[in-house]
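Right, one structure below, let's go through it.
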Amino acid sequence: MDLKQVLDTLADGQWHSGAELGEALGVSRAAVWKQLQKLEVLGLVLHAVKGRGYRLVRPLELIDMPWLDSALKSNAVTRELLTLHYFLSLDSSNKTALELTRRESGHGHLIIAEHQAAGRGRRGRAWVSPFGENIYFSLIWSFQSGLAALEGLSLAVGLALARTLNKAGVSGVGLKWPNDVLIEHKKVAGILLELNGEAGGVCQVVIGVGVNVEMQDQKEQITQPWCSLRPYLPEGYGRNHLLADLLQELVAVLQVFQREGFVAVKQEWMSFSVHQGLAVRLQAGEQCTEGVMVGLTDTGGLRVATEQGEEVFHGGEVSVRALSTS
1095 MDLKQVLDTL ADGQWHSGAE LGEALGVSRA AVWKQLQKLE VLGLVLHAVK GRGYRLVRPL
1155 ELIDMPWLDS ALKSNAVTRE LLTLHYFLSL DSSNKTALEL TRRESGHGHL IIAEHQAAGR
1215 GRRGRAWVSP FGENIYFSLI WSFQSGLAAL EGLSLAVGLA LARTLNKAGV SGVGLKWPND
1275 VLIEHKKVAG ILLELNGEAG GVCQVVIGVG VNVEMQDQKE QITQPWCSLR PYLPEGYGRN
1335 HLLADLLQEL VAVLQVFQRE GFVAVKQEWM SFSVHQGLAV RLQAGEQCTE GVMVGLTDTG
1395 GLRVATEQGE EVFHGGEVSV RALSTS
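For any residue, its number in our numbering is found by taking its place in the sequence shown, counting from 1, and adding 1094.
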């Protein structure tokens, strides 16, 4: 018996006695209790009542790996392309993926985690990653043409997320340059790209994605407006369906990007832009620039009209904030 088997049983949020759990899993009640003690480490709240047993404070939809594998293999875009790795908990899915790229060619390997103890976002920020509430994955993708061919990649990945949500019927989906995905101007997903390779040769990119699906009670840990997808998703459309749809869109976008670059999806990205035509402020280190967003270059650079003329900004430490109109 392992912790995953216990979680599969408790995921329904109903009461289960120690004897019932032991019988279902073929182990003693003492062995069950030993596994239950591990739940606290994952941040899960377990209710225990004498005479009734144990239940999680709320139900969980765990990632169903056999179902996901079947869904991806039945799709023409993702068939035979992805190798899946599943973890209940990791420090960081990107960290695990990067370690894999240093050992072997990891193209198409997908690291999925239910929980991250040290999830990472852009600019060194932490990515809050409670157990079983959201989607956390890192996909390794190989590019043959060096770093220069990767310009605009993070924007293309953001577009795949926005496209997925839009197709699922979510309203108010927007993109904030370079790669934040928003719903009604609140952040719902983020992207972190990390590279392993040579400037002019084969480069393996780790594409880290985090999507807030069912997240609750994390306000004190997040310093910007955020939301979860659940209120916006159709009934019955959960983490597993969302993850499968997202991966299919992501692979499709990556294939187009490899052939044609960001220019092939630039206009679609612009259709989701939340700052086009608006006054913006960009902070790059100590330098602050104000102007109006007038579009993107063919490689994903941000075009801003300033008092001194048009300037183009690229990714990295640049952030965008709409200026108040009042």
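Ideal placement from N, C-alpha and C gives every residue a C-beta, glycine not left out.
All figures in this text were calculated on a predicted structure; none of them were measured in a lab.
Close beta carbons around residue i, own chain, < 7 Å, minus the five adjacent residues each side
i: Asp1163; result: Leu1178
i: Met1309; result: Pro1224, Glu1227, Asn1228 and Ser1322
i: Thr1391; result: Arg1397 and Val1406
i: Leu1196; result: Strictly speaking, residue 1196 in this sequence is Arg, with Leu absent from that position. Counting only Cβ-Cβ distances below 7 Å, and skipping sequence neighbours, we find Asn1290.
i: Asn1260; result: Val1267
i: Gly1332; result: Glu1155
i: Asn1188; result: Arg1214, Ser1232, Leu1286, Glu1288, Val1300 and Gly1302
Whether residue i touches residue j by CB criterion (9 Å)
i: Thr1184; j: Ile1205; result: Reading the sequence as shown, one finds Leu at residue 1184 and not Thr. Against a cut-off of 9 Å, the Cβ pair of Ile1205 and Leu1184 comes out as a contact.
i: Val1135; j: Val1100; result: no
i: Leu1253; j: Val1388; result: no
i: Gly1355; j: Thr1400; result: no
i: Phe1108; j: Arg1149; result: Reading off the sequence, residue 1108 comes out as Gln, not Phe. Yes, they are a contact pair.
i: Leu1269; j: Trp1161; result: no
i: Gly1294; j: Gly1246; result: no
i: Ala1165; j: Asn1334; result: yes
i: Ile1285; j: Ile1301; result: yes
i: Glu1421; j: Leu1249; result: Because the chain here runs from 1095 to 1420, residue 1421 falls outside it and cannot be looked at.
i: Gln1349; j: Val1296; result: no
i: Gln1232; j: Gln1298; result: A small correction: the amino acid at residue 1232 is Ser; Gln does not occupy that position in the sequence shown. In this structure, Gln1298 does not lie closer than 9 Å to Ser1232 by Cβ.
i: Leu1255; j: Glu1343; result: yes
i: His1279; j: Val1345; result: no
i: Asp1106; j: Pro1153; result: yes
i: Val1143; j: Trp1271; result: no
i: Val1347; j: Val1251; result: yes
i: Val1303; j: Leu1244; result: no
Enclosing beta strand (DSSP E) for residue i [first to last residue]
i: Leu1119; result: Run containing Leu1119: none in the beta strand (DSSP E); it sits in the alpha helix (DSSP H), Gly1112 to Leu1119.
i: Trp1235; result: Ile1229 to Phe1237
i: Glu1405; result: Gly1403 to Phe1407
i: Thr1400; result: Leu1396 to Thr1400
i: Val1143; result: Leu1140 to Val1143
i: His1335; result: Here His1335 belongs to no beta strand (DSSP E); instead the alpha helix (DSSP H) covers Arg1333 to Glu1354.
i: Thr1383; result: Gln1381 to Leu1390
i: Leu1150; result: Gly1147 to Leu1150
i: Val1300; result: Cys1297 to Val1305
i: Ala1283; result: Lys1280 to Gly1291
i: Gly1240; result: Element bounds for Gly1240: n/a, residue is neither H nor E.
i: Gly1266; result: First-last for Gly1266: undefined, no H or E at that position.
i: Thr1172; result: Run containing Thr1172: none; DSSP gives neither H nor E here.
i: Gln1377; result: Ala1373 to Ala1378
i: His1201; result: His1201 -> no beta strand (DSSP E), and no H or E assigned at all.
Own chain residues within Cβ distance below 6 Å of residue i, not counting five before or after
i: Asn1306; result: Asn1228, Val1282 and Ser1322
i: Glu1314; result: In this prediction, Glu1314 has a pLDDT of 49, which is less than 50 and means its spatial position is unreliable; what the coordinates show is noted afterwards. For Glu1314, where only same-chain residues beyond five positions count, there are no Cβ hits under 6 Å.
i: Val1386; result: Ala1373 and Ala1399
i: Val1139; result: Val1151
i: Gly1410; result: In this prediction, Gly1410 has a pLDDT of 47, which is less than 50 and means its spatial position is unreliable; nothing more can be read from the coordinates.
i: Gln1370; result: Met1387
i: Ala1242; result: none
i: Gln1129; result: Leu1097 and Val1100
i: Thr1190; result: Leu1184 and Ile1205
i: Ser1111; result: Gly1147
Cβ-Cβ separation, residue j to residue i (assumed contact under 8 Å), whole Å
i: Gly1200; j: Ile1157; result: Gly1200 to Ile1157, Cβ: 20 Å. No contact.
i: Gly1147; j: Glu1114; result: 7 Å
i: Leu1097; j: Lys1132; result: 5 Å
i: Glu1292; j: Leu1192; result: Glu1292 to Leu1192, Cβ: 16 Å. No contact.
Enclosing alpha helix (DSSP H) for residue i [first to last residue]
i: Asp1274; result: First-last for Asp1274: Asp1274 to Ile1277, but that is the beta strand (DSSP E), not the alpha helix (DSSP H).
i: Ala1191; result: Ser1187 to Arg1197
i: Glu1362; result: Lys1360 to Ser1365
i: Arg1257; result: Leu1247 to Lys1261
i: Leu1162; result: Met1159 to Lys1167
i: Thr1103; result: Leu1097 to Leu1104
i: Leu1130; result: Arg1123 to Leu1130
Beta-carbon contacts of residue i that lie in its chain and below 8 Å, excluding the five residues immediately before and after
i: Leu1336; result: Ile1229, Thr1258, Ala1262, Val1305, Val1307, Leu1323 and Leu1327
i: Gly1116; result: Ser1122, Arg1123, Ala1125 and Val1126
i: Glu1329; result: none
i: His1424; result: Here the chain has residues from 1095 to 1420 only, and residue 1424 is not among them.
i: Leu1194; result: Gly1200, His1203, Ile1205 and Ile1234
Short CB-CB distance (under 9 Å) between residue i and chain B
i: Val1374; result: Among the chains of the structure shown, chain B does not appear; only one protein chain is present.
Counting Cβ pairs closer than 8 Å, one from the segment 1264-1271 and one from the segment 1166-1175, do we hit at least three?
no
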